[in-house]
Amino acid sequence: MAPMVMARPPGGCEYQPMQFTHLLRVKNTLRPLAWLLLCTIASPGGSAIAAGEPHADAAYGCLSHLGTLPAATGQVLPEQLRVLSWNIHKSRDAGWSEDLRRLGDSADLGFIQEAALHTQLGELWLGGPRYQSFAPGYSAGGTRTGVMTISRFAPTMQCNFTRTEPWLGTPKAIAVTEHAIQGREQRLLAINIHAINFTLGIDDFAAQLDTVAQLVAVHSGPVILAGDLNTWSAARKTLVERVLAPLQLAPLSFQPDLRTRAFGHALDHIYVRGLTVESTEVVAVDSSDHNPLIASLRFLM
1 MAPMVMARPP GGCEYQPMQF THLLRVKNTL RPLAWLLLCT IASPGGSAIA
51 AGEPHADAAY GCLSHLGTLP AATGQVLPEQ LRVLSWNIHK SRDAGWSEDL
101 RRLGDSADLG FIQEAALHTQ LGELWLGGPR YQSFAPGYSA GGTRTGVMTI
151 SRFAPTMQCN FTRTEPWLGT PKAIAVTEHA IQGREQRLLA INIHAINFTL
201 GIDDFAAQLD TVAQLVAVHS GPVILAGDLN TWSAARKTLV ERVLAPLQLA
251 PLSFQPDLRT RAFGHALDHI YVRGLTVEST EVVAVDSSDH NPLIASLRFL
301 M
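Quick note: the sequence shown uses the UniProt record's numbering, first residue 1, plus one each step.
Written out as C-alpha cells, the structure is:
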C-alpha cells in the first residue's frame, strides 16, 4: 500500500507515514508496525533551508507533533541505554563495517554521520536488524550521504533538517527522532547532527544550532544530542555551549579523551538532558578519520 500523503502545513513540511523501505529494515514479525512519521523540513521545492528563512516556520512540523504520535506495542526504550556516535567517513576506509558491528551491536541508539544511503547499516548489527532513520546531505558520484540514526526500537517520529555550507554549497543534515520510554509518558528526543564546517564566521553555524534549540526548548522530556559538531575553534565551541547550556544539555566527558581533533579542539560530542552517565569511552580506530564515542546512560527518575 502506498504511503498516505497528508496536508502540507506552513513551513513546507510534508508528512508521510513511512513504509518499511530500504530506510527501515525490520524483522518480518514487526512489519505491521507502519505508523512512523517522516518529516523532511525544507523550503518549497525540496531545497535546503536558506540562511534567511524563518526558523520558526521551518521547525513547524516537528514542533507541532512532538509527543503526539502513538508508540507501537513493545517499541519502547529501556531505562538504561547504550549509545554510539561515529562519523564513519563515508564508508571509505577499510574495516569500518567490522568496527561498526563490533562497537554497535550492544547499542540501543547509534548516531552515524557521513553514512551512505545505499549501505544498510542497520543490518550489520549481530543482534538483528535495526530501524534506520536517514537524513540526506551531501551527494556525489551517485552516492548520497548524510546522518543516520539507528535504533533498536522504532521511533515515533522523524524530522530531517538540512542547511547548506556557504562556501561549498553542499548540505549538512540533522536527523531528529522521538522515542517512547518504558513506563513513562515522556519521550526521548534524539538529535543526530553533522554541523556546518567551512565558514569564515559563525553566523551560519549559529543558524543551524538555532533550529535544534527551538525543538529542545519545546520538548519537555530527556534529550540526547550527538554527532560531529565541527567545533574546531574556540568561537565554535563557545557558541555551542552558549546555545545548549540554557537548555540544560550537558556535555559528556571522556577519559582518556581520544576524540578526533582539529587545531587542538575536539570535533565530536554527546550532550544529554534528563539522563545520568554511567560510563563513557572513545575507541581509537583506523577505519575512519574520526574515533567513535560510546556512552552508557540511564534515564533520571
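Every residue gets a Cβ at the ideal spot worked out from N, C-alpha and C, and that includes glycine.
Remember, predicted model here, so these are calculated numbers, not experimental data.
With 16 as the cutoff for other CB atoms within 10 Å, does residue i come out buried or exposed?
i: L252; result: buried
i: F161; result: buried
i: residue 359; result: Residue 359 lies beyond the stretch modelled for the chain, which goes from 1 to 301, so this question has no answer here.
i: W167; result: exposed
i: L36; result: Confidence at L36 is low in this model, with a pLDDT of 36, below 50, so the placement of that residue is unreliable and no value is reported for it.
i: T73; result: exposed
i: P256; result: exposed
i: S139; result: exposed
i: P246; result: exposed
In chain order, what residues of the same chain lie with their CB nearer than 6 Å to the CB of residue i, ignoring the 5 residues before and after it?
i: N192; result: F111, V147, T149, A175, G227
i: F263; result: W232
i: L258; result: V282, A284, N291
i: S287; result: D93, G95, W96, D99
i: S296; result: R82, E278, S279
i: T143; result: A116
i: N87; result: Q113, E114, D228, H290
i: L244; result: Y271
i: H219; result: L66, L189
i: R261; result: none
i: F254; result: T280, V282
i: D108; result: L81, R82, R152
Which one of the options has the shortest CA to CA distance from residue i?
i: Y60; options: L244, V212, L100, D99; result: V212
i: L84; options: L77, S106, R187; result: S106
i: Q186; options: D204, G221, Q158; result: G221
i: H194; options: L229, E278, Y271; result: L229
i: A116; options: H219, P155, G137; result: G137
i: A234; options: L247, H219, A266; result: A266
i: residue 333; options: T280, T145, R184, V216; result: Nothing about residue 333 can be reported from this structure: the residues present for the chain run from 1 to 301 only.
i: L63; options: Q214, G104, T73; result: Q214
i: V272; options: R242, R130, R101, Q248; result: Q248
i: G208; options: Q255, L293, V218, R236; result: The sequence given here has Gln at residue 208, not Gly. Answer by Cα proximity: R236.
i: M301; options: R184, Q255, P256; result: R184
i: L188; options: Q158, D210, D203; result: Q158
i: R242; options: H219, T260, I202, H179; result: I202
i: T145; options: S91, T260, H179, R163; result: S91
Comparing the CB of residue i with every heavy atom of the ligand MN, is any distance shorter than 7 Å?
i: Q214; result: No copy of the ligand MN appears in this structure; indeed no ligand is present at all.
Under 8 Å between the Cβ atoms of residue i and residue j?
i: Q75; j: F134; result: no
i: I270; j: I224; result: yes
i: S151; j: T177; result: yes
i: T156; j: L69; result: yes
i: D268; j: H89; result: no
i: L66; j: I294; result: no
i: R163; j: D204; result: yes
Can you find the residues in the same chain that come closer than 7 Å, C-beta to C-beta, to residue i, ignoring five residues on each side of it along the sequence?
i: A206; result: L239
i: E165; result: K172, I196, N197, F198
i: F299; result: E79, I181, P222, G274, L275
i: R130; result: G122, I150, S151, R152
i: A71; result: T156, A180
Practice prompt. For the region 64-129, list the beta strand (DSSP E) runs that are entirely contained and at least 3 residues long, ordered along the chain.
Written response: Here the runs fully enclosed are 80-87, 109-116.
Practice prompt. With a floor of 3 residues, list each beta strand (DSSP E) that falls wholly inside the region 175-252, ordered by position along the chain.
Written response: As far as the region 175-252 is concerned, its whole beta strand (DSSP E) runs of at least 3 residues are 187-194, 223-228.
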